[in-house]
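Working notes for the structure below.
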Amino acid sequence: MAMIQMREALGQAMIEEMERDANVFLMGEEVAQYDGAYKVSKGMLAKFGPKRVWDSPISEGGFAGLGVGAAMAGLRPIIEMMTWNFGIQAFDQIVNHAAKMCYMSAGQFKIPIVFRGPNGAAHMLGAQHSQAYEAMLTNVPGLKVISPSTPYDAKGLLKSAIRDDNPIIFLESEIMYALKGEVPDEEYLIPIGKGDVKRAGKDVTLIAWNKMLHLCMEAAEKLAEMGIDAEVIDPRTLQPLDEELIFESVRKTHRCVVVDESWSFASVAAQIADRVTRSCFDELDAPVERVHCDFVLMPYAEHLEQAVMPSVDKVIQAVKDVMYL
Amino acid sequence: MAMIQMREALGQAMIEEMERDANVFLMGEEVAQYDGAYKVSKGMLAKFGPKRVWDSPISEGGFAGLGVGAAMAGLRPIIEMMTWNFGIQAFDQIVNHAAKMCYMSAGQFKIPIVFRGPNGAAHMLGAQHSQAYEAMLTNVPGLKVISPSTPYDAKGLLKSAIRDDNPIIFLESEIMYALKGEVPDEEYLIPIGKGDVKRAGKDVTLIAWNKMLHLCMEAAEKLAEMGIDAEVIDPRTLQPLDEELIFESVRKTHRCVVVDESWSFASVAAQIADRVTRSCFDELDAPVERVHCDFVLMPYAEHLEQAVMPSVDKVIQAVKDVMYL
Amino acid sequence: MVATAPALLKEMYREMLFYRRFEERVNQAYQKGKFAGFCHLHIGQEAVCVGVQQNLRPTDYVISGYRSHTQAIAKGIEAKTVIAELFGKDGGNIRGKGGSMHMFSKEKRFLGGHGIVGGQCPIAAGVGFAIRYQKTDDVIVCYLGDAATNQGQFFEAMNMAATWALPVLYIIENNRYGMGTDIRRTTSIDRLSKRALAFDMDHSEVDGMDLVKVYEHVGKIIPEMRKKPRPYLLEAMTYRYRGHSVSDPATYRTKEEVKSYQDRDPITTLGEWLKANGHSTDEELKSFDKDARAKAQACEDWADESPPALLEMAWKHVYAEDN
Amino acid sequence: MVATAPALLKEMYREMLFYRRFEERVNQAYQKGKFAGFCHLHIGQEAVCVGVQQNLRPTDYVISGYRSHTQAIAKGIEAKTVIAELFGKDGGNIRGKGGSMHMFSKEKRFLGGHGIVGGQCPIAAGVGFAIRYQKTDDVIVCYLGDAATNQGQFFEAMNMAATWALPVLYIIENNRYGMGTDIRRTTSIDRLSKRALAFDMDHSEVDGMDLVKVYEHVGKIIPEMRKKPRPYLLEAMTYRYRGHSVSDPATYRTKEEVKSYQDRDPITTLGEWLKANGHSTDEELKSFDKDARAKAQACEDWADESPPALLEMAWKHVYAEDN
Ligand SMILES: Cc1ncc(C[n+]2csc(CCOP(=O)(O)OP(=O)(O)O)c2C)c(N)n1
Ligand SMILES: Cc1ncc(C[n+]2csc(CCOP(=O)(O)OP(=O)(O)O)c2C)c(N)n1
Ligand SMILES: [Mg+2]
Ligand SMILES: [Mg+2]
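Residue numbers (the working numbering), protein chains in the order written: chain A, 4 to 328; chain B, 4 to 328; chain C, -18 to 304; chain D, -18 to 304.
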C-alpha cells in the first residue's frame, strides 16, 4: 500500500489502462505539454507520446464530439474537461449524441468514452467556476455518473470507467487532487454502481460523495463525541445508484441525512431522499433531511462562500433534526 | 371569452407585450417570414416588421447569447428555441451567463429575457427530439421556469414572463399548440409562482403540468367513475414552486401522485415528492408516488413510445397504489 | 469532355433514378398516413449522393444529418430496411427505434442519421482522428446543410480537422434553404465554401445538379486525401424540389425558382447525355424507370410484411450491456 | 510619423504606467496571501487597453474575459474598487461577490469581466444589436484571447454581427498562448484575423506592443463603425510577461522569448520616444513613475481599510427582485 494523492491515483488509472489497451487515448486542454491544469496527467505525454496524449483547442463541444466519433470508430477516448463549468458547452454532444447513440443505433454503436474533470466549488472562484453538475447529468439515461471521494476509489473506478462500453461522466474536485490516501500496489478495479460504507454506525445514516463525504466523516467524529454513532455511506457511483446499500443502512438506523453540495431543487439528494422515503417508509423515524449549497450563484469572498456551502455544523444540525434533538 | 388555440394564446401574449413595450423583440429560427415552425408567431412579422421579429441563423448558443447582451443593453428579448432539444446548445449562455449575470454584477445587470419553445416528447420524433428539460433547468438559481397547460395560463404567464426582470425558461409543447381553451377578451396577467387547482377533490392529490396535466384530468374522470375523487394541481411555474398550494391539498387528501414526463432521476417530481414528504410527513397515509417516462431514450415507433410514456392507466395504477387498492 | 466510363454512368443513372422513385414512394406512404414523425426527402439532390459515394470504398465512413435515406442506401444499407424503419417495423434498419432521421450501420460504416443540426461535424472529426490513429487511408464523408454552416460546432470541428490534418471531407449540400429561410438571410457570405478560409483549409464548389461533375470532382479530391491526410470542404450547389419535410408546403419559394432547377434535373440531364452519346435509348431508360419503380415498390411491400417493432426494444440498448 | 498630440501621448503613457504598477501590486498582494482565487494579470498588454479605449466615448461599451482589471479601470471603474474586489471587501467593484474575473459597471458600460472563454462574444453581438435597435452611433469593444478564437460561439457571434451589420469591434489580444499552449498548436492558421474571412468581415492586425500604432489604428476603425455600423475583427499582437495566472510559473516559454518582448515594452518604448522628441525628460518620467506607484499604493490602502464583504450579500441578487 502506498500513500498517494488523488491526482496520482487518477493518473495511475489512466496510465495503466493506456498500457493495457492501445485504443485508449487522452485529450483535453493542457493535458499534454503542461501535464494537466491540475497535474492529473503528469508524465503521460512523456510516457505515451503525442499520438496518445493530446492538447485540445478550447472547443469543449468540438473535442467532446471528436471523442464520440473516435469511439464510434473503435477507440476508447478519455476526454478531460478542465472543469465541468466548461463541460456544459459540450452538453449537446454528451446528452444528445454520446448518451443516445447506442439506443439510436439499436445497440450497433457503443460509445466507450470517459468525460472527466473537476466538478463543484473549489475555493473563491466565483459564480462561473463553482457549479456542481451531478443533478443535470444523472437525469440522463445512457450516461453513467461516478464521483469518487478517495484516491483508492478514484483509481479503481476510473479504471472500470475506461473499460466500460458506455459514456461515463467522472466528477472530480480541484480541492481533492492533493488529498492523500492508501492505494494498493497491485492492480484492482472497483465495480461501477457499488457504494461503500465509509464509516459504520447505528444511529443515523449520512449519505455523501466527493468532497461532501469528507465533511460527513468530520461531522461523524464530532457526533461521536456527542454520543451519536453515524454511519457514512459513499455511493461513489450516482448513476446507477446503489440503492440497496443505502436502504439497508437506513432500515438499520431509521434516520437519514443526504449531503449534496449542488443546489437542492431536482438534485441527486432529492432523488435519494425520495427513494429512501418510499422504500423505507415504515422504518423511518423522521423525514429524510438534506444539506445543500444554498440556492445562490457562488459568491467570491471566502466567508460568503463558506456561509452558503454545506458545513460540518450544518450536517450536525441536520442530524439533530432527524433525531429530534 | 374566446375559444382559441394555445399557439394563438402565446402569440397574443407576445403581440400585446410588444405593443406595450417597444423594447420587446422576438428572435428565433423561422419565427419571422415562416410565421414560426409551429405558427406561434403567426402574423408578427407583418404586424411589427423586421426590426422587431428576427429570423436567426441555426446558432442556438449564439442567439441566446445575443439575447443576453441585448438585455444587458436595455432590451427585453424573447428568444424562441424551435425546441428545447436544440436549446441545450445554449446551456452555457443560459446557465453560465443569463442565470448568473445579475448575481455576478451585484444586481447591476438584470437580464429580462424569455427563452421559450416546446419541451418534451411530441409524437414519433425519436431520441434526439423528445427530451424534457425541466429537471436540468429548475436546478439552477437565477432562472425561473414556467410550463403552462392551457391557453389561458399560457397567455397570462407569458405576459408576466415578458415583464419579469429575470431570465425565464418557458416550456411549451408541440402537441398542445392546437389545444383550444377559453381566454378572456380583456387583458390579464397570471403571477409567476402561483399554482392552480385544476380539479378539486378530496381523496388523492395529482400534481402535473404541461401535457401531463391533461393526462391527469382524464385519469381523474376515470377515477371518479371508480368512486375516487382526485384533486388535480397544476403548479404552472416549476421554479419557484408554489409549495403551499401543494401542501394544503396533500394535507387534505393525505395521498399524492406526481406525474412528470421527464426521467425520474433527480427530476422535478423527485423534488416535489421529497418536499411533500418532509412537509406533510405526519399527514401522509402512503409514500408519494411518481409517474415518469421510463428511463430510456425515446423510441420512434408509436406503440413503443406510448409504452414508455406516462399514460392514464399508469396514473390510475399509481393512485391505486397510494390508496392501497 | 466526360472521362467516366459509360457503363458506370449508366449504373449511376439507375442509382439516382431508384432514389428518386424510392423517395417518391416514401412521400406517398406518408401522405397515405402509413407513418408519422419527421421525414425529409432528398429529391433533387440525388447527384450529390451518388456522385460522391461512388468514390468511396466499403471501409470509408459516411455520416450525415436527417436528410439521409439515399446516403444510407448508397453506403450499403438495404433500401427495404430504410422504409421499414419509417413504418416502425421490426425489419427496420434500427428495428423501428429511430424512424426517418436515424439510420445506422456499423458493418457498412454509415454512422447516422443525426437529428441535431451540425452535431455530426465534430463526430466526423473524431472518425478522421481514429482513421489516422489506426493508420489506414480511409476517409470519412460528412454531409451537412447550408444552414448548418452557421453552427459553432461546425467551425470547432473544421479547426480540429485542419490543425491535426484529419481525412474528413465535409460536404455542404447547399440547397439554398434552411427550412423556410434563404441561407443568404442568415450569413454574410456568398459562397459557403469560404468558411474554410478561417482555417486555411482546402475547399471548392461543384455543381450538385450534375452527376458527372460531382463524381469526377470528388474523384480528384478523395485520392489526394488518402495520400496525404487532410480535411476538405466541398460546397455542392443543389436544390430540394420538395419542402423541408413532407409536411412543409414550401410556399417561401416561387414556382419559377423550383422549375429553374428541375429544368437542370440531374437524372434527366444524364439521361439526355447518355442518349445523345449513343450509350442508351428511350426504351432502355424507360425500362430502367420500370425497374426502379418495381424495386421501390418491392421495398415497400417487404416493409408492409415486416412485423411491428418489438415492444421489448423500447427498453433495450439504453446501455451497452442491454443488448 | 506620429499624428497624436504629445499631451495625449503623455497622458496615455501615465495610464499604461499606472496599470503596470497596479498589476504589480495586485501580484504582490496575491503572493503575500492577501487574497485567493484566480487572478490573471495584464502586464505587457497595456498598450492594447489604453490605445483602444482612449478612442471610446463614455456611452460606448466594453466587454471582456477574465484578464480585465485594466480594461475595467480604463472604462471608468475606480481602481481602488478593483483591488478591493480582489480582497473580497464591501468596497469591491461588486462588493466582494466576484473577485478578479468579474468586474461590472452598468453606469460606465463595462459589461464584465467573464470567466467562460468565448462567452462574451455573442453577448457583445447582442449589445451591438441593441445599439442598432436604439439607433445610436455607439460601438462595443469585445476583447478575447487568441485561444478563444477556437470557440464555436465566437464564430456564431461573428456570423450574426456580419450578417446584421452590428457595430462590434472584436479585438483578439494575441499574446500567443492559451494557458500553457502555443496558439499555433491549436489552430491551423498563422493570422487569427483571418477568422473574419469566413464571414467577409473587415479585419486587420496591429502591433499591440506599440501604443501609438494601436491608438491611431483603432482611431481610424471606430469612426467608420459609427458612420456605417458593421463589425470589425482586429488582431493585436501582444504578449503577457507573467504566467497565465499568478499561480502559473510559465515554464513553457523561454527567457529569450519573454525578453524579446520586454525589449519592446510599450511603456519604455513610448517613454523613449517622448524623451527623444523633447516632450519629456528622465526626471519627468521618474516623477510619473512615483505618482503611479503612489496611486497604486493608495488603492491598496483604501482596499485594506474597506470592511469585508457583507455576509447578507451572499443571498442577494440571485433574482432581480432581491436587490
Ligand atoms: C441545433 C438544431 N437547431 C434547429 C434544428 C431544427 N432544424 C432541423 S433541420 C433545420 C434546417 C437545416 O437546414 P440545412 O442545414 O440547410 O439542411 P437541409 O434541411 O436544407 O438539408 C432546422 C432549423 C435542429 N434539428 N437542430
Ligand atoms: C469554455 C472554457 N474553457 C476553458 C476555460 C479555462 N481557461 C481559462 S483561460 C484559458 C486560456 C485562454 O487563453 P486565451 O483565450 O488566449 O486568453 P489569455 O488567457 O491568453 O488572455 C482557459 C483554457 C474557460 N475558462 N472556459
Ligand atoms: Mg439547406
Ligand atoms: Mg492568449
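Glycine included, each C-beta is placed from N, C-alpha and C at the ideal position.
This one's a predicted model, so the numbers in the text were calculated from it and none came from an experiment.
9 Å Cβ cutoff, residue i in contact with chain B
| i | result |
| --- | --- |
| L92(C) | no |
| P289(C) | yes |
| G99(C) | yes |
| F110(D) | yes |
Residue i - DSSP class collapsed to helix/strand/coil
| i | result |
| --- | --- |
| F173(B) | strand |
| H184(C) | strand |
| G121(A) | At residue 121(A) the sequence reads Pro, which differs from the Gly that was named. Three-state DSSP puts P121(A) in a strand. |
| N213(A) | helix |
| P27(B) | Checking the sequence shown, residue 27(B) turns out to be Val, not Pro. Here V27(B) sits in strand by DSSP. |
| C20(D) | coil |
| S152(B) | coil |
| S241(D) | helix |
| V299(C) | coil |
| Q8(B) | strand |
| T208(B) | strand |
| K195(C) | The sequence given here places Val at residue 195(C); Lys does not occur at that position. Residue state, collapsed to three classes: helix. |
| P204(C) | helix |
Bridge partner(s) assigned by DSSP for residue i
| i | result |
| --- | --- |
| K147(A) | I171(A) |
| D237(A) | D199(A) |
| A65(C) | According to DSSP, which records beta bridges pairwise, A65(C) is partnered with nothing at all. |
| D58(A) | G31(A) |
| G292(B) | Inspection of the sequence shows that residue 292(B) is occupied by Glu rather than by Gly. Looking at the DSSP assignment, E292(B) forms a beta bridge with V260(B). |
| A217(D) | E154(D), V187(D) |
| Q242(B) | V148(B) |
Chain A contact for residue i (CB, 9 Å cutoff)
| i | result |
| --- | --- |
| H83(D) | yes |
| N140(C) | yes |
| W212(B) | no |
| T168(D) | yes |
| V56(B) | no |
| V318(B) | no |
Min CB distance residue i to chain D below 9 Å
| i | result |
| --- | --- |
| V43(A) | no |
| N88(B) | no |
| P60(A) | yes |
| T162(C) | no |
Cutoff 9 Å: residue i Cβ touching any chain C Cβ
| i | result |
| --- | --- |
| P80(B) | no |
| E186(D) | no |
| N155(D) | no |
Residue i CB to nearest heavy atom of ligand 6 below 8 Å
| i | result |
| --- | --- |
| Y158(D) | Looking for ligand 6 in the displayed structure turns up nothing; the ligands present are ligand 1, ligand 2, ligand 3 and ligand 4. |
Does the pairing of the region 253 to 260 of chain B with the region 153 to 160 of chain B give three or more beta-carbon distances under 8 Å? no
Below 8 Å, can you find three or more Cβ-Cβ pairs linking the region 272 to 286 of chain A to the region 263 to 280 of chain B? yes
Can you confirm whether the region 25 to 42 of chain C touches the region 240 to 252 of chain C when touching is taken to mean that 3 or more C-beta pairs between the two stretches lie within less than 8 Å? yes
For the region 103 to 189 of chain D, which segments carrying the beta strand (DSSP E) assignment without a break, of at least 3 residues, lie completely within its bounds, in sequence order? 121 to 126, 149 to 155, 183 to 188
Residue ranges of each alpha helix (DSSP H) run of no fewer than 4 residues wholly in the region 243 to 287 of chain C, ordered along the chain? 247 to 257, 263 to 286
Any chance the region 114 to 128 of chain B sits against the region 68 to 87 of chain B, with 3 or more Cβ pairs inside 8 Å? yes
Counting Cβ pairs, one atom from each stretch, are 3 or more of them under 8 Å apart for the region 206 to 217 of chain C and the region 168 to 188 of chain C? yes
In chain order, what are the residue ranges of uninterrupted beta strand (DSSP E) at least 3 long that sit wholly in the region 35 to 102 of chain D? 42 to 45, 91 to 94
For the pair the region 318 to 327 of chain A and the region 25 to 41 of chain B, tell me if three or more CB-CB distances fall below 8 Å. no
Does the region 8 to 18 of chain B touch the region 181 to 190 of chain B, meaning 3 or more C-beta pairs lie closer than 8 Å? yes
Say whether the region 48 to 59 of chain B touches the region 86 to 93 of chain D, bearing in mind that this needs 3 or more beta-carbon pairs closer than 8 Å, one atom from each stretch. no
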